[in-house]
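J.: Reminder that position 202 of the sequence shown reads as 202 in my numbering, one-by-one numbering, no gaps. All residues carry an ideal CB built from backbone N, CA and C; glycine is no exception. Small disclaimer: the values here were computed from a predicted structure and weren't measured. Here it is, the structure, as structure tokens.
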Amino acid sequence: GSTYWLQLDIYPILDKNNEPSHFMAIESVITELKETEQLAEERQERIEENISYAKKLQQALFRKDSLEQEIFTDRFVLDQPKDEVGGDFYIIDQIQNKKIVFVGDCTGHGASGAILTALCTSTVKSYLTKYKTLSPALIIEKSRQKVEELLQGGELESVPDNMEATLLFIDESRQEIKYASTTQEIYYIGEEDNLKIKPEKVKVDGRYEVQDKTLKYKPGSMIYAASDGFKDQFGEASGKKFSSKQLHETLSLLFEAPCSEQEQKLTNTFIKWRGSESQTDDVLILGIRL
């Protein structure tokens, strides 16, 4: 008297004229299989619900568009995670009359990367509060060391490269940017200037540490900070990475356009380059009109 699932496989039996004269049906009870599928579907639904909620939490934590608009009237954020949530994040703020731009790329992507972004964001913000605009390199190094310390212990042991980062302190009164970066390149493009700025490190006590650098800028120029997701994306047609050189060339052609237009053209370029290839990593590019 119980309900059960039945699978029917029906085959024709052909006569001498190769016409179907009879049909044979094989009945299989697949109740256990269907129950397993239903459990898997319910589990997947719960995972998707949790990821969707995690995405909302991440957006609430990192994205404050109204505040960003007050700080930079012409800026864009190209934020395209590989999965629903990602390991790339950014901070835009204002401290001591200086404008702050931080771009971070945490180890991993998806849910694990998203969890790490929450830890890294709170850590970076705490050191920004503590050290203000003293030194971008100091804040990056202190943040990386603190996150590594927090991750030590248990089965994880340590994630030494827990976060790649770029930190800019923009001083509009002096038209000057004090910056530091671990591995990420910075692009400064204007009518008279076109620079791809590579990170600089020095060896201290057996390990390489980032260094503070200063850049004088001209109003109307653009400054771009990005994670490595865009330049490392493989293209369907070429099978090669997009490359930082090609990204620099693309930005050089776009910098005069309004930032909203730049974002759209960069998105289209990425989609066209990727084609049917799967997305390699999280993508984050910030463009700021100085």
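Can you tell me whether Pro258 is buried or exposed, with buried defined as 16 or more other CB within 10 angstroms of its CB?
T.: exposed
J.: Return the CA-CA distance between Glu371 and Thr182, expressed in angstroms with no decimal places.
T.: Residue 371 falls outside the range modelled here, since the chain spans only 1 to 290, and no answer is possible.
J.: Need the endpoints of the alpha helix (DSSP H) that Asn268 sits in, please.
T.: Its alpha helix (DSSP H) spans residues Cys259 to Arg274.
J.: In this structure, how does DSSP classify Ser21 when only helix, strand and coil are distinguished?
T.: strand
J.: Which residues bound the beta strand (DSSP E) around Pro12?
T.: Per DSSP, the unbroken beta strand (DSSP E) holding Pro12 starts and ends at Leu6 to Leu14.
J.: Can you round the beta-carbon distance between Trp5 and Thr31 to whole angstroms, since I take them to be within the 8 Å contact cut?
T.: 5 Å
J.: Output needed for Asp171: all residues of its chain with C-beta closer than 6 Å, excluding positions within five of it in sequence on either side, in chain order.
T.: Lys98
J.: Return the chain-ordered ranges of every beta strand (DSSP E) run that is complete within the stretch 205 to 235 and spans a minimum of 3 residues.
T.: 207 to 210, 213 to 216 and 222 to 226
J.: Count the other C-beta atoms from every protein chain shown that fall within 10 angstroms of the C-beta of Ser143, then say buried if there are 16 or more, exposed otherwise.
T.: buried
J.: How about Leu284 and Val103: do their beta carbons lie closer than 8 Å?
T.: Less than 8 Å separates the beta-carbon of Leu284 from that of Val103.
J.: With a CB to CB cut of under 6 Å and the five nearest residues on each side skipped, what residues in its chain are close to Gly229?
T.: Asp281, Asp282 and Val283
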